[in-house]
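Student: Okay, here's the structure, questions in a sec.
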Amino acid sequence: MSPTRLIVFGRQGAGKGTQCLRLAAHYGIPHISTGDMLREAVAEGTELGLQAKVLMDAGDLVPDDVMEGIVIERLAKPDAQPGWLLDGFPRTLGQVEAMLRHLGEGFVDLAVNLDVPVEVVTERMVARGRADDTEEGIRRRLELYEEQTAPLLSWFRAKDLLVEVDGVGTEDEVFERLVKVVDAALEA
Ligand code: AP5
Ligand code: MG
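Start counting the sequence shown at 1410; every next residue gets the next number (my numbering).
Following this line, the structure appears as structure tokens:
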């Protein structure tokens, strides 16, 4: 399997981070999680971290121009040249347009929608208890997902770039499903 460029979509708490770690190791490409990058900036107390913390705690999105800068810089690094696995980006139409602007048409090989119902992701986030997993934070993030991110699925589907994977089940079951579907789509 040759290295490749993948985007993983899915509601907050769907298991993107969990599965992307394993997929990145499996395909030998870097796992680029914008949420993890922002949490690192918060932990380091950088200017970006200070700006992001307030928004993240409330479940709001960091502005597109800020995210664009972070991701485009990250994708230009040497380890990302053979391919990459994006988790948490793009999540607005503006972010898709930024990728098109910087990387051109054909900027991605495949997008995966890791599908998990709202009730299940809510239970998972409550059990996880991350700083933004408060009742209000979860509600706001899921609301923004429906408003801003879910519509992107149609964009990728229309370009025949989207595959769907059921994200309910054990971590191993979901991982097996993902590899099967991704391999089949990339070989097609
Ligand atoms: P981000 O870090 O991306 O958080 P999120 O969108 O809320 O998604 P999560 O990380 O909560 O879910 P996940 O799908 O990774 O699930 P996980 O694997 O942890 O973003 C955080 C914030 O940063 C945003 O709100 C925003 O402010 C900002 N941000 C980030 N990117 C941005 C962007 N592009 N533009 C603007 N702002 C941006 O799994 C969840 C839990 O379930 C875990 O406890 C896990 O152990 C468990 N679990 C996983 N799989 C299973 C399974 N199969 N069965 C049972 N439990 C499971
Ligand atoms: Mg995550």
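C-beta atoms are modelled at their ideal positions from N, C-alpha and C, and glycine is treated no differently.
When you compare the CB positions of A1423 and V1525, do they come within less than 8 Å of one another, or not?
Tutor: What you label residue 1423 is simply residue 14 of the sequence shown in a count that begins at 1. What you label residue 1525 is simply residue 116 of the sequence shown in a count that begins at 1. Contact flag set, yes.
Student: As a quick exercise: from L1502, L1512, D1592 and G1454, pick the residue whose alpha carbon is nearest that of E1482.
Tutor: Residue mapping note: residue 1482 aligns to position 73 of the sequence shown, counting from 1. Checked all of L1502, L1512, D1592 and G1454; the closest Cα to E1482 is L1512.
Student: Per DSSP, what are the beta-bridge partners of A1520 in this structure?
Tutor: Counting from 1 along the sequence shown, the entry for residue 1520 is found at position 111. I1416 and L1571, per the DSSP bridge assignment.
Student: What does the alpha-carbon distance come out to for the pair R1566 and P1560?
Tutor: Taking the sequence shown and counting its residues from 1, the one referred to as residue 1566 is at position 157. Taking the sequence shown and counting its residues from 1, the one referred to as residue 1560 is at position 151. Distance between the alpha carbons of R1566 and P1560 is about 10 Å.
Student: Among residues of its own chain, excluding the 5 on either side of L1570, which ones have a beta-carbon nearer than 7 Å to its beta-carbon?
Tutor: Position 161 of the sequence shown, counted from the start, is the residue given in the question as residue 1570. Counting only Cβ-Cβ distances below 7 Å, and skipping sequence neighbours, we find V1517, L1519 and A1520.
Student: If you draw a straight line from the alpha carbon of R1549 to that of V1591, how long is it in whole angstroms?
Tutor: Here residue 1549 refers to the residue found at position 140 when the sequence shown is read from its first residue. Here residue 1591 refers to the residue found at position 182 when the sequence shown is read from its first residue. Their Cα atoms are separated by approximately 30 Å.
Student: Please look up how many angstroms separate the CB atoms of M1446 and D1541, rounded, as I've assumed it's under 8 Å.
Tutor: Walking along the sequence shown from the start, residue 1446 turns up at place 37. Walking along the sequence shown from the start, residue 1541 turns up at place 132. At roughly 15 Å, the Cβ-Cβ gap does not stay under 8 Å, so M1446 and D1541 are not in contact.
Student: So Q1421 and M1534 are supposed to be a Cβ contact under 8 Å. How far apart are they, rounded?
Tutor: Taking the first residue of the sequence shown as 1, we reach residue 1421 at position 12. Taking the first residue of the sequence shown as 1, we reach residue 1534 at position 125. Their Cβ separation, rounded to whole angstroms, is 7 Å, which keeps Q1421 and M1534 in contact under 8 Å.
Student: So the candidates are G1497, V1588 and I1479; which of them puts its Cα closest to the Cα of L1457?
Tutor: On the sequence shown, position 48 is the one that residue 1457 refers to. For L1457, the nearest C-alpha among the options comes from I1479.
Student: Answer with yes or no whether the minimum CB distance from D1445 to chain C is below 8 Å.
Tutor: Annotation note: the requested chain C is absent from the structure, which comprises a single protein chain.
Student: Mind checking which residues open and close the beta strand (DSSP E) that includes D1466?
Tutor: Taking the first residue of the sequence shown as position 1, residue 1466 is located at position 57. First-last for D1466: E1456 to A1467, but that is the alpha helix (DSSP H), not the beta strand (DSSP E).
Student: Could you tell me whether any non-hydrogen atom of the ligand MG is closer than 7 Å to the CB of G1497?
Tutor: Here residue 1497 refers to the residue found at position 88 of the sequence shown. Correct: G1497 has its Cβ closer than 7 Å to the ligand MG.
Student: I'd like to know whether the C-beta atoms of V1584 and R1414 end up nearer to each other than 8 Å.
Tutor: Start at 1 with the first residue of the sequence shown, and residue 1584 comes out as number 175. Start at 1 with the first residue of the sequence shown, and residue 1414 comes out as number 5. Checking the displayed sequence, the identity of residue 1584 turns out to be Phe instead of Val. In this structure, R1414 does not lie closer than 8 Å to F1584 by Cβ.
Student: Along the chain, which unbroken stretches of the alpha helix (DSSP H) at least 4 residues long are found entirely within the segment 1480-1526?
Tutor: Counting whole runs of 4 or more residues, the segment 1480-1526 contains the alpha helix (DSSP H) stretches 1502-1512.
Student: Looking at C-alpha atoms only, which residue of P1491, F1498, A1489 and V1577 is the closest neighbour of V1530?
Tutor: As a first step, residue 1530 must be located in the sequence shown, where it is residue number 121. Per the Cα distances, V1577.
Student: Considering only the alpha carbon of each residue, which of E1573, E1580, T1543 and E1582 lies closest to A1594?
Tutor: One-based indexing of the sequence shown puts residue 1594 at position 185. Per the Cα distances, E1573.
Student: Under the criterion of a Cβ to heavy atom distance below 7 Å, does G1444 qualify as lining the ligand MG?
Tutor: Residue mapping note: residue 1444 aligns to position 35 of the sequence shown, counting from 1. True, at least one ligand heavy atom lies under 7 Å from that Cβ.
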